[in-house]
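Residue numbers (the numbering used here): 4 to 448.
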Amino acid sequence: MKNALDEDAVRNNSASAMDFLPVPQLRALQLGRLRGIVERAYERVPLFRKRLDEARLKPGDLDSLGAISRLPFTVKADLRDTYPFGLFASPMKDIVRLHASSGTTGKPIVVAYTREDIGVWSNVMMRSLISCGLHQGDIIHNAYGYGLFTGGLGMHYGAEALGATVIPVSGGNTERQIMILKDFGVTAISCTPSYFLHLVERASELGLDMKKLPLRAGVFGAEPWTEEMRRHIEACTSLKAYDIYGLSEIVGPGVAIECCCQDGLHIFEDAFYPEIIDPETGEVLPDGAEGELVLTTLCKNAMPMIRYRTRDITSLIAEPCGCGRTIRRMRRISRRSDDMFIIRGVNVFPSQIETALLSARGTLPHYLIVLTREKGLDNMEIQVEVTPEVFGDTIGALEKLKKHLMASLERVLNIRADVRLVAPRTIKRSEGKVKRLVDLRNASK
Ligand code: DLL
């Protein structure tokens with residue numbers, strides 16, 4: 004295990020003590036907090052009180068953690084329907100921060116924090132950074148967007164709580180970012196994996212070899228990415244790439260993160276109670292089974308979330324982790340139940356496409372899925388960039404790679420997709436969350 008010494012230091016460091024609690028003690032803590040939060044939501048949030056009354060339940064009925072499955076779910080529409088402040092459980096005078104998530108259509112969802120909530124968030128973010136082997140003395144280049152998005156400020160407060168030096172670069176102005184990476188002795192970077200790829204690429208165009216920088220850790224999240232993407236990132240830099248997960252409705256970044264073992268993300272269970280459910284029936288599934296992640300905030304005052312359906316698909320890992328943390332892990336989020344698209348009757352997830360594309364030699368991790376409709380028939384074209392060497396190769400070699408990709412895509416997807424190999428830098432780069440799907444089916448005839 005890499006970083007074993009660091010992990011010993013972590014275990015002995017009281018900042019991360021919660022990550023190493025004996026399990027019975029952790030479960031007792033969770034139950035006490037769960038009871039408190041359900042009572043708070045019942046007393047202060049009309050929608051939650053109504054739901055509990057309809058289910059003929061009282062907060063006092065929660066006699067075990069398992070009893071949580073009797074509580075009603077909360078869904079994204081509940082946040083939209085009560086826009087902007089309807090789910091708040093604290094008076095405005097106690098709320099010190101608002102964030103909002105853009106959403107693709109209509110009104111955003113708004114989330115709120117009291118001063119204590121910001122304290123909890125900074126704490127889980129600090130523990131996240133410790134989990135990536137970071138400490139005081141590290142210089143963290145934070146390229147998550149600052150603003151209504153939770154990424155920038157969430158990471159910022161965690162880095163400050165850790166005592167590291169944080170550079171609040173935010174998104175955009177890529178060339179200035181590269182100058183900072185080069186000149187400021189940056190040892191860790193946080194941003195979306197897609198933006199990091201953009202930085203690496205631009206740096207190389209400007210003659211900077213990222214492998215020569217003192218960068219040790221990348222804290223990447225806010226969008227799905229694959230193991231193949233991790234391998235690509237780690238091969239062209241000197242850093243270890245860690246997956247960090249979170250969502251605005253629950254807190255922002257810092258719900259879960261990988262440790263030195265890079266084998267699943269530890270959920271900060273003292274603050275967030277995880278369940279996996281069957282997305283169709285709502286039934287709770289056992290550890291190990293794949294389903295939709297449902298989260299309950301155990302200590303969020305301003306906006307408690309009870310059994311929030313994230314739409315993110317994963318499974319819980321109950322087996323102990325090599326790092327010694329006792330908090331459970333979840334598998335990397337490979338997909339959301341709502342980013343699936345259906346083409347000619349077949350269900351397709353973009354992550355399946357990424358895995359197939361990046362497993363081939365000569366492709367670059369920049370691709371776009373374009374759906375069109377012609378005379379009533381759906382078509383899928385996958386544009387993927389190839390390395391300059393491959394692009395400059397013979398037509399025969401390009402044709403061979405294209406055939407290879409089409410065959411492996413058909414094997415995974417059970418459907419034919421057209422592949423278009425394009426020159427490096429053809430596909431638009433993102434500065435935040437990447438958009439890989441363009442669905443023109445309703446625009447075409
Ligand atoms: O993306 C919070 C965040 C910021 C997480 C920075 C990590 C780093 P939202 O904008 O509300 O919040 O989007 C949340 O993004 O439900 C997932 O679908 C997706 N997501 C977040 N992290 C990951 C990840 C932030 N590591 C939604 N892997 C979530 C896959 C992720 N998907």
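Glycine included, C-beta positions come from ideal geometry on N, C-alpha and C.
Remember, predicted model here, so these are calculated numbers, not experimental data.
Alpha-carbon to alpha-carbon, residue j and residue i
{"i": "Lys-2", "j": "Glu-178", "result": "Residue 2 lies beyond the range of the chain shown here (4 to 448); nothing can be said about it."}
{"i": "His-138", "j": "Met-383", "result": "46 angstroms"}
{"i": "Ala-244", "j": "Tyr-370", "result": "21 angstroms"}
{"i": "Leu-24", "j": "Ala-31", "result": "11 angstroms"}
{"i": "Ile-247", "j": "Gly-224", "result": "5 angstroms"}
{"i": "Arg-83", "j": "Ile-98", "result": "20 angstroms"}
{"i": "Arg-54", "j": "Glu-272", "result": "25 angstroms"}
{"i": "Leu-90", "j": "Met-306", "result": "6 angstroms"}
{"i": "Ile-18", "j": "Arg-338", "result": "Looking at the sequence itself, residue 18 is Ala, so the reference to Ile does not match. Each residue's Cα considered, the two are about 32 angstroms apart."}
{"i": "Gly-174", "j": "Gly-157", "result": "14 angstroms"}
{"i": "Leu-380", "j": "Arg-347", "result": "8 angstroms"}
{"i": "Leu-374", "j": "Leu-443", "result": "6 angstroms"}
{"i": "Glu-252", "j": "Lys-61", "result": "24 angstroms"}
{"i": "Thr-85", "j": "Ile-418", "result": "41 angstroms"}
{"i": "Val-297", "j": "Thr-313", "result": "6 angstroms"}
{"i": "Glu-46", "j": "Pro-94", "result": "13 angstroms"}
{"i": "Met-4", "j": "Asp-56", "result": "Confidence at Met-4 is low in this model, with a pLDDT of 43, below 50, so its placement is unreliable and no value can be given for it."}
{"i": "Gln-28", "j": "Arg-432", "result": "47 angstroms"}
{"i": "Leu-401", "j": "Arg-428", "result": "17 angstroms"}
Presumed contact (8 angstroms Cβ cut-off) between residue i and residue j, rounded CB distance
{"i": "Ala-191", "j": "Asp-120", "result": "Not a contact, Cβ separation roughly 25 angstroms."}
{"i": "Val-48", "j": "Ala-115", "result": "Contact doesn't hold; Cβ gap of about 12 angstroms is too wide."}
{"i": "Lys-185", "j": "Val-254", "result": "Between Val-254 and Lys-185 the Cβ distance is about 33 angstroms, and since that is not below 8 angstroms, they are no contact."}
{"i": "Tyr-276", "j": "Gln-33", "result": "6 angstroms"}
{"i": "Val-26", "j": "Thr-329", "result": "5 angstroms"}
{"i": "Leu-440", "j": "Ile-372", "result": "5 angstroms"}
Closest Cα partner of residue i within the set the options
{"i": "Ser-207", "options": "Ala-103, Thr-240, Phe-271 and Glu-230", "result": "Thr-240"}
{"i": "Gly-154", "options": "Asp-66, Glu-402, Gly-249 and Ala-238", "result": "Gly-249"}
{"i": "Asp-81", "options": "Thr-397, Thr-429 and Arg-310", "result": "Arg-310"}
{"i": "Thr-366", "options": "Pro-323, Ala-426 and Val-189", "result": "Ala-426"}
{"i": "Leu-216", "options": "Leu-296, Leu-242, Glu-226 and Gln-180", "result": "Leu-242"}
{"i": "Glu-322", "options": "Glu-392, Leu-296, Asp-290 and Glu-252", "result": "Asp-290"}
{"i": "Arg-59", "options": "Met-232, Arg-73 and Lys-96", "result": "Arg-73"}
{"i": "Lys-378", "options": "Ala-446, Arg-100, Glu-42 and Val-41", "result": "Ala-446"}
{"i": "Gly-257", "options": "Val-123, Asp-64 and Pro-171", "result": "Val-123"}
{"i": "Ala-363", "options": "Asp-315, Lys-405, Asp-22 and Gly-435", "result": "Lys-405"}
{"i": "Gly-166", "options": "Ser-125, His-201, Val-41 and Cys-264", "result": "Ser-125"}
{"i": "Leu-361", "options": "Ile-336, Arg-332, Val-387 and Phe-352", "result": "Val-387"}
{"i": "Pro-368", "options": "Glu-434, Asp-64 and Arg-234", "result": "Arg-234"}
Backbone secondary structure at residue i - three-state DSSP
{"i": "Phe-223", "result": "strand"}
{"i": "Gly-89", "result": "coil"}
{"i": "Asn-126", "result": "helix"}
{"i": "Pro-171", "result": "coil"}
{"i": "Ala-321", "result": "coil"}
{"i": "Thr-240", "result": "coil"}
{"i": "Ser-72", "result": "helix"}
{"i": "Val-41", "result": "helix"}
{"i": "Glu-384", "result": "strand"}
{"i": "Met-21", "result": "helix"}
{"i": "Arg-428", "result": "coil"}
{"i": "Val-189", "result": "coil"}
{"i": "Arg-312", "result": "strand"}
{"i": "Ile-330", "result": "coil"}
{"i": "Asp-81", "result": "helix"}
{"i": "His-138", "result": "coil"}
{"i": "Pro-456", "result": "Summary: the structure shown does not reach residue 456, with the chain confined to residues 4 through 448, and so no result is reported for it."}
{"i": "Gly-249", "result": "strand"}
{"i": "Ala-400", "result": "helix"}
{"i": "Asp-281", "result": "coil"}
{"i": "Phe-344", "result": "strand"}
{"i": "Met-4", "result": "Model confidence at Met-4 stands at a pLDDT of 43, short of 50, so the residue's coordinates are unreliable; what they give is reported in the following sentence. Residue state, collapsed to three classes: coil."}
{"i": "Ser-105", "result": "coil"}
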